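See structure below.
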Amino acid sequence: MICLSIICSFMSELISNCGTCTVLLPVFAVLAEDLNLNPLLFMIPTTIASNYAFMLPVGTPANAMVYEHGRLTIMEMVVPGLLAKVITMVVTVVVTYVLGDPIFGMFQEADWLSAITTTGDANATLVPLQP
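Position 82 (the sequence shown) corresponds to 82 in our numbering; numbering is contiguous.
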């Protein structure tokens with residue numbers, strides 16, 4: 001989970017937050033299903049981490065405005081941005097482990113996941129068939 005969130009966070013420095021989530025979330029959902037884990041364990045921290053574009057002007061429009069009007073260099077943005085990114089990643093991981101299970105049941109197997117793994121078909125319907 002930590003590595004996936006870090007990948008997403010650094011990817012959001014170069015492309016938009018929505019683009020990052022659009023590319024990575026389906027991959028992480030399938031990865032979680034293959035590992036027989038609840039996909040929320042990977043998807044919620046990844047979605048949160050996609051908003052941590054603090055280092056480069058292309059990360060968010062706010063960064064571009066600060067870079068242009070504040071007359072900052074890239075390095076003047078990277079150093080505090082990296083510090084903010086590390087702090088927020090640590091907070092995200094801690095909050096995910098502390099609140100993830102009581103709120104979302106992240107560390108329990110999802111009921112629908114067992115239905116998929118027993119049939120072996122990810123496109124199988126979860127509605128029981130009537131005889």
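Just so it is clear, CB atoms sit at the ideal spot from N, CA and C, and this is done for glycine as well.
Quick caveat: nothing in here was measured; it's all calculated off a predicted structure.
Does DSSP put residue i in a helix, a strand or coil?
i, result
"Met75", "helix"
"Pro57", "coil"
"Tyr52", "coil"
"Glu68", "helix"
"Gly105", "coil"
"Leu82", "helix"
"Leu14", "coil"
Would you kindly work out how many angstroms separate the C-alpha atoms of residue i and residue j, rounded to a whole number?
i, j, result
"Cys21", "Cys3", "15 Å"
"Tyr97", "Thr46", "14 Å"
"Glu33", "Val66", "41 Å"
"Val79", "Pro26", "32 Å"
"Pro61", "Phe54", "11 Å"
"Leu31", "Met1", "11 Å"
"Met77", "Leu56", "7 Å"
"Val93", "Val23", "21 Å"
"Leu37", "Cys18", "24 Å"
"Leu35", "Ile48", "22 Å"
"Ala29", "Ile44", "10 Å"
Would you mind working out which of the options sits nearest residue i, comparing C-alpha positions?
i, options, result
"Ser12", "Pro39, Gly81 and Thr73", "Gly81"
"Gly59", "Met1, Leu99 and Lys85", "Lys85"
"Ile6", "Leu41, Met89 and Ser16", "Met89"
"Ile15", "Ala29, Leu31, Tyr52 and Pro26", "Tyr52"
"Gln108", "Leu40, Gly19, Val95 and Ser9", "Leu40"
"Phe42", "Val91, Cys8 and Asn63", "Cys8"
Where do the N-terminal and C-terminal ends of the alpha helix (DSSP H) with residue i fall, by residue?
i, result
"Met11", "Ile2 to Met11"
"Asn38", "Element bounds for Asn38: n/a, residue is neither H nor E."
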